[in-house]
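Have a look at the structure below before the remarks.
In our numbering, the protein residues as written are 47 to 128.
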């Protein structure tokens, strides 16, 4: 799903990521999980490692970690709920 996680005040950063052909941007701080793709860049917020969650009534507010695998240039990102 998309929550417009990079919607406000990040236009310059996002333009640079697209220009440099970055595949993934991983970020934290927000206590939830969110994933959004824009201009070929996948942005992932992974902030569910143990602190109190934001908006526990939201379906993306769950404790989790990511398992990222890179093999032969292919990237796999699995979200593991805990």
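Each residue gets a CB set at the ideal place from its N, CA and C atoms; glycine is no exception.
Since we're looking at a predicted model, the values are computed, not measured.
Around the C-beta of residue 91, 16 or more other C-beta atoms lie within 10 Å, and the residue is accordingly described as buried. Here DSSP, grouped into helix, strand and coil, assigns residue 99 to coil. The continuous beta strand (DSSP E) containing residue 115 extends over residues 110 to 117. Just so you know, the alpha carbons of residue 86 and residue 114 end up roughly 18 Å apart. Burial check for residue 100: the Cβ neighbour count within 10 Å stays below 16, so the residue is exposed.
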